[in-house]
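Here's the structure, in structure tokens; my notes come after.
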Amino acid sequence: MHELAIALSILDVAAEEARNRGLGKVRQIHLRLGPLSGVVKEALLPAFELARATSPLTDATLVIEDMPILIACPRCRVERPVQSLQDHGCAVCGAPAEVTGGRELEIVALEVE
Amino acid sequence: MSTSQTRLVQVRQQVLKHNDLAARALRKRFHEAGVYVVSLVSSPGAGKTTFLEATLHGLRGRFRSAALVGDLATDNDARRLARAGVPIKQITTGTVCHLDADMVAGALSDWNLADLEFLFIENVGNLVCPATFDLGEELRLVLLSVTEGEDKPLKYPTIFNTADVAIITKNDLSQAVELDREAMLASIRSVRPGMSVLEVSAKKQEGMRAWLEFLESRRQEFIRSS
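Those protein sequence lines, which keep their order, are chains E and B.
Start counting the first sequence at 662; every next residue gets the next number (the numbering used here).
Start counting the second sequence at 85; every next residue gets the next number (the numbering used here).
What follows is the structure, given as structure tokens:
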């Protein structure tokens with residue numbers, strides 16, 4: 662439900678960045694999206710289409726890179742992906758671990774003319 | 085892929101940088117004022133307002149508290165909470181499904197934070213959208229009532245993962261709904277290993293003393309670190 666607000670933010674941040682750096686027309690916005698960001702890709706893509714119409718970046722497309730959920734296991738002392746979105750224990754020893762990746766909601770690149 | 089007419093420029097910008105900056109500014113203000121800020125998220129009807137009312141009553145006379153209450157439309161919750169005799173402010177979000185840091189900052193504009201020891205922020209009843217927005221809080225509670233089903237955390241892993249503490253509410257109804265307590269605890273710990281869980285019935289005043297002791301000890305840690 663909040664994906665439209667997120668889509669508008671993506672366009673604002675990308676437009677601001679392009680302006681600040683004196684870049685040309687933005688063709689693609691590359692976004693890293695983690696499953697724990699609370700933003701759903703399937704809802705974000707149509708919301709982006711809608712938001713783009715009212716934005717200066719009318720020709721920009723959104724390219725999403727899906728990020729894994731990573732945890733750092735204090736017992737195994739390694740970082741590894743989780744077993745599933747519903748199970749954030751260490752896949753090897755089962756220890757409670759700290760989430761170190763998967764919350765990304767970040768613009769990492771702009772393809773410009 | 086870049087074509088000959090285009091080039092790829094590396095940038096690193098958080099999509100929510102505006103909210104993140106606003107939340108960081110709030111967190112700094114809260115630290116400076118020595119006010120411990122707790123936010124509450126849950127699905128609609130999980131008992132946030134009843135729990136908050138009981139918490140405000142429990143702190144009364146010993147600590148100065150206040151609360152912000154987010155709601156889509158009515159001020160019913162704010163009016164209920166006002167009975168606890170502490171400053172309450174309503175944030176009506178209209179059609180917006182969550183609170184953000186700007187709304188919190190706006191609502192606090194005419195309050196002197198240094199007069200407070202606790203500030204509670206009751207988010208809009210929604211287990212999806214509030215997960216994404218940092219409000220500058222120190223402690224985020226996710227409330228889950230025993231009537232909602234043991235596997236709710238598995239259905240909404242993100243909100244459980246971004247919260248610090250889970251509060252199981254309406255515990256007085258657990259027998260009536262044949263709650264499988266171990267299954268509920270297991271699903272919480274599956275999505276957030278090691279999460280602190282407190283079980284309460286705000287209505288029957290069960291578990292509230294343990295919650296208030298937990299809250300006060302967290303605030304003492306916060307004051308020591310400020």
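Glycine included, C-beta positions come from ideal geometry on N, C-alpha and C.
Proximity below 8 Å, CB of residue i to CB of residue j
i, j, result
"B/LYS132", "B/GLU206", "yes"
"E/PRO735", "E/GLY763", "no"
"B/LEU124", "B/LEU140", "no"
"B/LEU143", "B/LEU296", "yes"
"E/LEU697", "E/ILE725", "no"
"E/ILE667", "E/LEU705", "yes"
"B/GLU232", "B/SER127", "yes"
"B/VAL230", "B/VAL261", "yes"
"B/VAL119", "B/PHE202", "yes"
"B/GLU222", "B/PHE147", "no"
"B/ALA130", "B/LEU228", "yes"
For residue j and residue i, the rounded distance between their alpha carbons
i, j, result
"E/LEU718", "B/PHE135", "46 Å"
"B/THR177", "E/LEU711", "22 Å"
"E/GLY695", "B/LEU200", "37 Å"
"E/SER670", "E/HIS749", "29 Å"
"B/SER309", "B/SER280", "21 Å"
"B/ARG91", "E/VAL687", "10 Å"
"B/GLY278", "B/VAL121", "22 Å"
"B/ARG96", "B/SER285", "46 Å"
"E/PRO707", "B/ARG303", "43 Å"
"B/THR179", "B/GLN89", "42 Å"
"B/ALA191", "E/VAL753", "47 Å"
"B/LEU197", "B/ALA117", "6 Å"
"E/PRO757", "B/ASP194", "42 Å"
"B/PHE298", "B/GLY154", "25 Å"
"E/GLU751", "B/ASP218", "The sequence shown places Cys at residue 751 of chain E, not Glu. If you take the alpha carbons of E/CYS751 and B/ASP218, they lie about 27 Å apart."
"B/PRO171", "B/LYS112", "22 Å"
"B/LEU156", "B/ARG293", "31 Å"
"B/ILE272", "B/ASP264", "13 Å"
"B/ASN160", "E/HIS663", "24 Å"
"B/PHE114", "B/ARG108", "10 Å"
"E/VAL769", "E/LEU684", "15 Å"
"B/PRO214", "B/TYR240", "12 Å"
"B/ALA270", "B/GLN94", "42 Å"
"B/ARG224", "E/GLU703", "27 Å"
"E/LYS681", "E/LEU665", "The amino acid at residue 681 of chain E is misidentified as Lys; the sequence shows Asn. Each residue's alpha carbon lies about 24 Å from the other."
"B/LEU152", "B/THR158", "14 Å"
"B/GLU266", "B/ARG276", "15 Å"
Paired residues, beta bridge with residue i - DSSP
i, result
"E/CYS734", "E/VAL739"
"B/LYS173", "B/LEU152"
"E/THR722", "E/GLN689"
"E/ALA770", "E/HIS691 and B/GLN94"
"B/LEU203", "B/VAL121 and B/ALA150"
"B/SER285", "B/GLU290"
"E/GLU759", "E/ALA733"
"B/ALA250", "B/VAL226 and B/VAL281"
"E/SER745", "E/ASP748"
"E/ASP727", "E/LEU694"
Rounded distance between the beta-carbons of residue j and residue i, thought under 8 Å
i, j, result
"E/ALA679", "E/LEU766", "Wrong, their Cβ atoms sit about 19 Å apart, outside the cutoff."
"E/ARG775", "E/ILE732", "Since the first residue of chain E shown is 662 and the last is 774, residue 775 of chain E is not available in this structure."
"B/THR216", "E/VAL700", "6 Å"
"B/GLN174", "B/ALA162", "4 Å"
"B/GLU283", "B/ILE252", "4 Å"
"B/ASP256", "B/LYS288", "5 Å"
"B/LYS101", "E/VAL674", "7 Å"
"B/VAL188", "B/GLY220", "7 Å"
"E/ALA721", "E/GLN689", "6 Å"
Own chain residues within Cβ distance below 6 Å of residue i, not counting five before or after
i, result
"B/GLN259", "none"
"B/MET268", "GLU234"
"E/ALA676", "PRO717 and LEU718"
Close beta carbons around residue i, own chain, < 8 Å, minus the five adjacent residues each side
i, result
"B/MET274", "For clarity, residue 274 of chain B is Ser in the given sequence; the question names Met instead. So the list reads PRO237 and LEU238, once near-sequence residues are dropped."
"B/ASN210", "VAL125, SER127, PRO128, CYS181 and HIS182"
"B/VAL212", "CYS181, TYR240, THR242 and ILE243"
Cβ-based neighbour list, residue i, same chain, cut-off 7 Å, excluding 5 preceding and 5 following
i, result
"E/LEU672", "ALA712, ARG713, SER716 and LEU718"
"B/GLN98", "ASP104"
"B/ALA168", "GLU137, LEU140, HIS141 and ARG144"
"B/VAL226", "VAL125, SER126, ILE243, PHE244, ALA247 and ALA250"
"B/GLY291", "ASN255, LEU282, GLU283, VAL284 and SER285"
"E/GLN744", "ALA752"
"E/GLU759", "ILE732 and ALA733"
Where residue i meets chain C, residues with beta-carbon distance less than 7 Å
i, result
"B/HIS182", "In the structure shown, chain C cannot be found, because the protein chains are E and B."
Distance cut-off 7 Å: residue i Cβ against heavy atoms of the ligand FAD
i, result
"B/LEU105", "With respect to the ligand FAD, the structure offers nothing, as it holds no ligand at all."
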